[in-house]
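**Q** With our numbering applied, the sequence shown covers 418 to 849. Just so you know, even glycine gets a beta-carbon here, dropped at the ideal spot from N, CA and C. Okay, handing you the structure first.
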Amino acid sequence: MSEQFKISNGPAKLELPLWKANLWFAVVWLMMMLDIADRSAVNAVLPVLKKTFSLSDAQVGLVSGIIGLSIALLAIPVATLVDRWSRRKMVSIMVFIWSLATYFTGQAKGYVTLLVARLGVGTGEAGYNSAAYALMSAWYPKRIRGTMNGIFQTAIPLGSALGIMAAGAIAYKYGWRACFGVLAVPGVFLAILAWFMPDYKTVKEDVDAKRTTTPSIVATLKYILTSPSLLCVYLASASAMIALQTFGTWGPMFYVRTFGMNIKEAAYIIGIIGLLTFPGSIFGGWLGDMFLKKSKKGRLMSAALNGTLFGIFSTISLLVAMQSKNFNAVVVFWCLGGFFLGGVFPALYGVTQDLSASFFRAMAFAFIPLCNQLLTGFWAPAFTGAVSDKFGLTSALIVVSWVAVVLMLIFAYISSRFYDRDDKRIAELETP
């Protein structure tokens, strides 16, 4: 007989005072910001790495993109441990691992050892997001989940700004190796703090036996893989990741080549842009919550609108760079594009939590980094570099941005066609 399951009312959720939920939310937000800072720091020193190790643009892109390989390979196994063992403990372990790997990035003696160190960073990051989103979904009610996801996502542009600006400044004065040692230190302290976060036990009710049990991995995977709306959300997120990974990796190099900046100046500009665009994540999450009041598919509508506006404004920025090289105009339209790109992800991430039960929320989210990195994030920077080697970086960025937008819109639309069916399934699953 196929396994049947429903949510057990008590242990699957956390009842925290708002102040306590907000306090621990701030902790996971800081971890996310550090995660992105450690990941983005290498982008600030790519021009130096290219010269130091005599790399092509394609090889340079792989330095940033290879993190995605370990994230993709480990996302599901680690999420299984998150759901079945402990979210807080897995967060703690993951933060410690990526911090250690960040330190060893600065100790790399050659291109291969540099890639191995970056793989280690991805190993640590593989399970952090899935655990964090599962915890936040337990800490906050559904009606504000999109907004909280949006606030959480602000850690991405702010972390990117911190990592790039800090790495650029430290590398300019002390050399590129020093910046990774500095960025590795805070993670150790956050890893210790994470060990004490409030968590919940993962259980389900066996309908036939009338008892509480640990959820089956097979049953969980079967549910996710037979949900077309979830699968298409994963593909929509992976499509948007093409743009995020490409612009994040090649942004500093674009300003170095287009305006003749040094790495410190380019890192400063990218950092300022990150600080200016971070409200886009809040906007995207909030807009999804607002649209959700009118339609169950509101988060998908928010993602589609934000993605389209990103494509328009980023293209204007790049065309201005090609035609007139008006620095102020390039930065203004680049900021607008970044603002709306940031709004895509919290909306899509919210869908994964809305269409999953509390006992497999981490697993449901784990397919996001798996698809983001394996399908697109791993190869997108290297692919852009290969196109850049042939046609130039600015042209490559235009082409890749619209590939990302069109694919994201297609998959978001397909997801919306199955949303009502899958929403009904999850409602039946969570009925006591």
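So what does DSSP say about Ala583, is it helix, strand or coil?
**A** helix
**Q** Could you check the C-alpha separation between Arg842 and Ser773 for me, to the nearest Å?
**A** 10 Å
**Q** Would you kindly report the start and end of the unbroken alpha helix (DSSP H) that includes Pro558?
**A** Unbroken run through Pro558: none, as it is neither H nor E.
**Q** Could you compute how far the alpha carbon of Gly527 sits from the alpha carbon of Lys467?
**A** 11 Å
**Q** Along the chain, where does the alpha helix (DSSP H) containing Pro786 start, and where does it finish?
**A** Per DSSP, Pro786 belongs to the alpha helix (DSSP H) from Arg778 to Cys788.
**Q** Among residues of its own chain, excluding the 5 on either side of Pro645, which ones have a beta-carbon nearer than 6 Å to its beta-carbon?
**A** Phe835
**Q** What did DSSP end up calling Pro434 once you bin it into helix, strand or coil?
**A** coil
**Q** Apart from the five residues on each side of it in sequence, which residues of its chain come closer than 6 Å, Cβ to Cβ, to Gly668?
**A** Ile687
**Q** Hey, would you say the C-beta of Gly728 is under 7 Å away from at least one heavy atom of the ligand HEM?
**A** Among the components modelled here there is no ligand, and therefore nothing to report on the ligand HEM.
**Q** Whole angstroms is fine: what's the gap from Ala851's alpha carbon to Arg504's?
**A** For residue 851 there is no data in the structure shown, the boundaries of the chain being 418 and 849.
**Q** Taking only the alpha-carbon atoms, compute the straight-line gap between Gln524 and Arg594 and give it to the nearest angstrom.
**A** 7 Å
**Q** What residue from Asn679, Val599, Gly537 and Ala720 has the CA that sits closest to Ala653's CA?
**A** Ala720
**Q** In whole angstroms, what is the alpha-carbon distance linking Trp515 and Gly604?
**A** 8 Å
**Q** Exposed or buried, what is Gly482 when buried is set at 16 or more other beta-carbons lying within 10 Å of its beta-carbon?
**A** buried
**Q** Does the beta-carbon distance from Cys752 to Thr663 come in below 8 Å?
**A** no
**Q** Using three-state DSSP, classify Trp593 as helix, strand or coil.
**A** helix
**Q** Run through DSSP, which three-state label would Ser503 get?
**A** coil
**Q** Just the Cα atoms here: how many angstroms apart are Gly755 and Trp556?
**A** Those two C-alpha atoms are separated by around 29 Å.
**Q** Given a cut-off of 8 Å on the beta-carbon distance, is the pair Tyr520 and Phe597 in contact?
**A** yes
**Q** Between Phe708 and the rest of its own chain, which residues show a CB-CB distance below 6 Å, the 5 nearest in sequence each way excluded?
**A** Gly715, Met718 and Ser719
**Q** Quick one: is Ser471 buried, meaning 16 or more other Cβ sit within 10 Å of its Cβ, or exposed?
**A** Exposed.
**Q** Nearest to Phe569 by alpha carbon, out of Tyr550, Arg560 and Lys559?
**A** Comparing Cα-Cα distances from Phe569 to each of Tyr550, Arg560 and Lys559, the minimum goes to Tyr550.
**Q** Under the rule that 16 or more other beta-carbon atoms within 10 Å means buried, what is Tyr591, buried or exposed?
**A** exposed
**Q** Taking the C-alpha atoms as reference points, what is the distance between Met780 and Lys711?
**A** Distance from the CA of Met780 to the CA of Lys711, rounded to the nearest whole angstrom, comes to 28 Å.
**Q** Could you tell me whether the stretch 572 to 583 touches the stretch 445 to 463, using the rule of 3 or more Cβ pairs below 8 Å?
**A** Three or more beta-carbon pairs separated by less than 8 Å link the stretch 572 to 583 to the stretch 445 to 463, which places the two stretches in contact.
**Q** Output yes or no for whether 8 Å exceeds the beta carbon distance between Gly702 and Val822.
**A** no
**Q** Please list the terminal residues of the continuous alpha helix (DSSP H) segment that includes Ala636.
**A** Ile634 to Leu642
**Q** Check whether the Cβ atoms of Ala584 and Ala684 lie closer than 8 Å to each other.
**A** yes
**Q** Here's the rule: buried if 16 or more other CB atoms are within 10 angstroms of the residue's CB, otherwise exposed. What is Val602?
**A** exposed
**Q** What would DSSP say about Met525, mapped onto helix, strand or coil?
**A** Here residue 525 is Ala; the residue named in the question, Met, does not match the sequence. The answer is coil: DSSP assigns Ala525 none of H, G, I, E or B.
**Q** Helix, strand or coil for Arg628 per DSSP?
**A** Only weak support exists for where Arg628 lies, its pLDDT of 45 falling under 50; the value from the coordinates is given anyway. Residue state, collapsed to three classes: strand.
**Q** Measure how close the beta-carbons of Ile493 and Cys649 come, nearest whole angstrom, since I'm counting them as under 8 Å.
**A** Wrong, their Cβ atoms sit about 18 Å apart, outside the cutoff.
**Q** Can a CB atom of chain B be found closer than 8 Å to the CB of Met565?
**A** The structure shown has no chain B; it contains just one protein chain.
**Q** Name the two residues that bound the continuous alpha helix (DSSP H) containing Pro763.
**A** Phe744 to Asp771
**Q** Taking all protein chains shown into account, do 16 or more other C-beta atoms lie within 10 angstroms of the C-beta of Asn546, making it buried, or fewer, making it exposed?
**A** Buried, by the Cβ-count rule.
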